[in-house]
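Counting in the numbering used here, the sequence shown runs without a single skipped number right up to 432 at its last residue. By construction, the Cβ of each residue, glycine as well, lies at the ideal position given by its N, Cα and C atoms. Structure first, then comments.
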Amino acid sequence: MSGLVIVGTQWGDEGKGKMIDYLASRADMVVRGQGGNNAGHTVVANGKKYALHLIPSGILYPDTVNVIGNGVVVDPEGLFQEVAMLEEQGIQTDGRLFVSDRAHIVFPYHKVIDALSEKARGEESIGTTKKGIGPCYMDKIERCGLRICDMLEEDFSRRLEGLIREKNRLIVSVYGGEPLEAEGILESYEQYARLIRPYVADTSLMVDQALREGKKVLFEGAQGSLLDVDLGTYPYVTSSHPTAGGFLTGVGIGPFGIHEVIGITKAYTTRVGKGPFVTEEDNETGDRIRAAGHEFGTTTGRPRRCGWFDGVVVRYGARISGVTGLSLMLTDVLTGFETIKLCEAYKLGDQVIEHFPASLKTLEKCRPVYRELPGWQEDISGCKTYEELPSQAKAYVQAIEEITGVAVKIISVGPDRSQTIVRERVFEI
Ligand code: GDP
Ligand code: IMO
Ligand code: MG
Numbered sequence: 004m005s006g007l008v009i010v011g012t013q014w015g016d017e018g019k020g021k022m023i024d025y026l027a028s029r030a031d032m033v034v035r036g037q038g039g040n041n042a043g044h045t046v047v048a049n050g051k052k053y054a055l056h057l058i059p060s061g062i063l064y065p066d067t068v069n070v071i072g073n074g075v076v077v078d079p080e081g082l083f084q085e086v087a088m089l090e091e092q093g094i095q096t097d098g099r100l101f102v103s104d105r106a107h108i109v110f111p112y113h114k115v116i117d118a119l120s121e122k123a124r125g126e127e128s129i130g131t132t133k134k135g136i137g138p139c140y141m142d143k144i145e146r147c148g149l150r151i152c153d154m155l156e157e158d159f160s161r162r163l164e165g166l167i168r169e170k171n172r173l174i175v176s177v178y179g180g181e182p183l184e185a186e187g188i189l190e191s192y193e194q195y196a197r198l199i200r201p202y203v204a205d206t207s208l209m210v211d212q213a214l215r216e217g218k219k220v221l222f223e224g225a226q227g228s229l230l231d232v233d234l235g236t237y238p239y240v241t242s243s244h245p246t247a248g249g250f251l252t253g254v255g256i257g258p259f260g261i262h263e264v265i266g267i268t269k270a271y272t273t274r275v276g277k278g279p280f281v282t283e284e285d286n287e288t289g290d291r292i293r294a295a296g297h298e299f300g301t302t303t304g305r306p307r308r309c310g311w312f313d314g315v316v317v318r319y320g321a322r323i324s325g326v327t328g329l330s331l332m333l334t335d336v337l338t339g340f341e342t343i344k345l346c347e348a349y350k351l352g353d354q355v356i357e358h359f360p361a362s363l364k365t366l367e368k369c370r371p372v373y374r375e376l377p378g379w380q381e382d383i384s385g386c387k388t389y390e391e392l393p394s395q396a397k398a399y400v401q402a403i404e405e406i407t408g409v410a411v412k413i414i415s416v417g418p419d420r421s422q423t424i425v426r427e428r429v430f431e432i
């Protein structure tokens with residue numbers, strides 16, 4: 004059994020796409036288990052940039068099998084746009100991409116309700132991606148959703164028509180929105196049903212068989228630990244479980260299928276959307292990080308909020324997913340700072356807080372306790388080994404290990420596959 008989980012340890016956009024693509028060179032299978040096309044995973048391969056939202060980042064290797072598990076919410080429109088984008092680049096998905104028959108389907112009314120409910124929240128909006136993710140998971144939990152297997156049944160259109168009618172009542176009478184026209188939706192979803200048929204599989208069985216045969220399976224986390232609906236900064240979270248545990252139910256496997264968990268961690272912190280952010284630098288420092296790291300959303304294009312590395316966040320993110328090693332990303336972005344700050348704890352009045360608190364009211368009052376380290380001026384984007392890094396960069400890596408209690412096994416110094424320093428082998432790479 005050889006399952007490696009990749010999770011984001013912060014608020015998403017840590018560089019998971021790059022590392023999944025990197026590790027996928029040795030993987031037989033890459034599997035998504037939660038979220039939907041709210042994710043935006045950027046992969047730079049052979050000088051080309053790919054933005055993937057639903058399709059696993061292993062798709063760029065011709066021999067990797069890619070699986071969208073039952074815990075993912077699938078927007079067929081987004082899925083087939085991505086399939087078309089890949090085909091334009093000469094990448095075929097037939098026979099290499101499988102979608103769980105148990106995954107729930109995102110419908111246009113989910114997106115409309117996402118936007119309307121955000122508007123209704125006013126000042127208290129979450130800042131969602133408006134991809135209909137929350138409303139789709141709501142229907143799943145409420146037990147009125149439709150799954151991919153339902154799409155293949157004869158009564159699919161009839162069931163969908165009933166749901167559109169019901170959701171229109173909500174859209175019009177609760178939110179004062181415009182009702183959706185059923186005809187066009189039914190037509191396009193009938194077409195999606197025909198298109199999706201060859202991709203549909205019992206993916207829990209597929210992954211179990213692959214693990215039993217000793218194949219290398221990569222589990223691709225979307226979002227980040229602090230966006231977990233149970234463990235994150237609720238309610239400023241997504242509606243799924245982007246922690247390691249999410250893969251058990253989101254793929255339909257037991258815990259012994261996973262032998263290693265790599266936490267993808269930015270060398271600083273970013274966040275898109277609203278919610279508390281203790282180390283945020285809403286000033287020139289944040290602007291400088293944003294410019295150097297091109298910190299604009301892959302899915303929505305929104306500028307990301309930026310700040311220093313938050314050790315309390317990463318220590319927590321690592322604990323709740325049982326992280327066995329970190330991959331430190333975008334380290335090159337910090338080049339040129341005279342000094343770099345790392346938050347090792349929070350201060351709440353006189354009290355020192357080392358473990359991430361649940362209450363947002365408490366979090367808002369927390370102030371960062373910083374360790375300040377000298378920065379490095381040398382360009383590190385061409386460094387191939389840990390030894391080549393300037394001593395200040397090595398000291399930064401060591402401080403992160405000390406603060407989080409987890410070994411930094413990989414250091415990324417640029418977006419390309421080649422800009423990756425491996426200190427300790429992961430997945431036999
Ligand atoms: P994900 O959602 O976790 O996959 O991350 P995103 O793709 O949304 O954002 C990470 C961004 O950083 C992408 O544009 C990547 O190409 C880029 N990236 C990844 N690793 C590095 C790195 O080490 N250095 C730099 N400069 N960019 C990186
Ligand atoms: P990747 O996989 C960063 C954020 C949204 C919003 C909150 C809820 O690229 O790391 P949703 O649309 O999910 O209901 O929005 O979650 N969010 C992400 N932030 N990276 C992501 O994915 C995200 N997916 C959702 O900005 O704050
Ligand atoms: Mg992203």
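Item: Beta-bridge partners of L119, as assigned by DSSP; Value: DSSP output for L119 lists no bridge partner at all.
Item: The beta strand (DSSP E) enclosing Y178, as first and last residue numbers; Value: Segment: none, Y178 is in no beta strand (DSSP E) and carries neither H nor E.
Item: Where T388 falls, given that 16 or more other Cβ within 10 Å makes a residue buried; Value: exposed
Item: Three-state secondary structure assigned by DSSP to Q354; Value: strand
Item: Contact under 9 Å by Cβ, I403 with V416; Value: no
Item: Within-9 Å CB hit, G255 to chain D; Value: The chain labelled as chain D is not found in the depicted structure, where only one protein chain is given.
Item: I136 Cβ short of 8 Å to the ligand IMO heavy atom set; Value: yes
Item: 4-residue-minimum alpha helix (DSSP H) runs that sit fully inside the segment 150-221, ordered along the chain; Value: 151-154, 159-172, 185-199 and 206-215
Item: Beta-carbon contacts of S128 that lie in its chain and below 8 Å, excluding the five residues immediately before and after; Value: E121, K122 and K277
Item: Own chain residues within Cβ distance below 6 Å of P59, not counting five before or after; Value: V33, R35, N69 and E223
Item: According to DSSP, residues forming a beta bridge with E263; Value: L7
Item: C-alpha gap between Y399 and S160, whole angstroms; Value: 57 Å
Item: Local conformation of E17 per DSSP, three classes; Value: coil
Item: Cross-strand partners of M332 (DSSP beta bridge); Value: K269
Item: Whether G20 touches S243 by CB criterion (9 Å); Value: no
Item: Pick from G408, T423 and V76 that is closest to T241, judged by C-alpha positions; Value: V76
Item: CB contact flag (Y25, L100, <9 Å); Value: no
Item: Proximal residues to Y140 (C-beta, below 6 Å), its chain only, five neighbours per side dropped; Value: S242
Item: DSSP beta-bridge partners of H244; Value: DSSP lists no partner for H244.
Item: For V47, the nearest candidate out of G18, D66, R29 and Q194 (CA to CA); Value: G18
Item: Residue(s) in a DSSP beta bridge with K52; Value: V47
Item: Neighbouring residues (CB closer than 5 Å to any heavy atom of the ligand MG); Value: D16, G43 and T301
Item: For I256, the first and last residue of its enclosing beta strand (DSSP E); Value: First-last for I256: undefined, no H or E at that position.
Item: N- and C-terminal bounds of the beta strand (DSSP E) containing P377; Value: R370 to P377
Item: E298 (DSSP reduced to helix, strand or coil); Value: coil
Item: Beta strand (DSSP E) segment containing V424, residue limits; Value: Note that residue 424 is Ile in the sequence shown here, rather than Val. Unbroken beta strand (DSSP E) run through I424: T423 to V425.
Item: Within the segment 84-153, ranges of the alpha helix (DSSP H) (whole runs, at least 4 residues); Value: 111-124 and 136-145
Item: For A402, the residue or residues it bridges with in DSSP; Value: DSSP, once it has assigned bridges, lists no residue as partnering A402.
Item: Three-state secondary structure assigned by DSSP to I62; Value: coil
Item: Contacts around W379, its chain only, beta-carbon distance under 7 Å, and the 5 residues preceding and following it disregarded; Value: T338, P393, Q395 and A396
Item: Nearest to I414 (by Cα), restricted to the options G408, E405, I406 and C386; Value: C386
Item: Residues sharing a beta bridge with I343, DSSP; Value: L376
Item: Outcome for I383 when other beta-carbon atoms lying within 10 angstroms are tallied against a minimum of 16; Value: buried
Item: Of the listed residues G266, G81 and D117, nearest to V326 (C-alpha basis); Value: G266
Item: C-beta contact flag for D57 and E85 at 9 Å; Value: In the sequence under discussion, the amino acid at residue 57 is Leu, which differs from the Asp named in the question. Cβ atoms of L57 and E85: closer than 9 Å.
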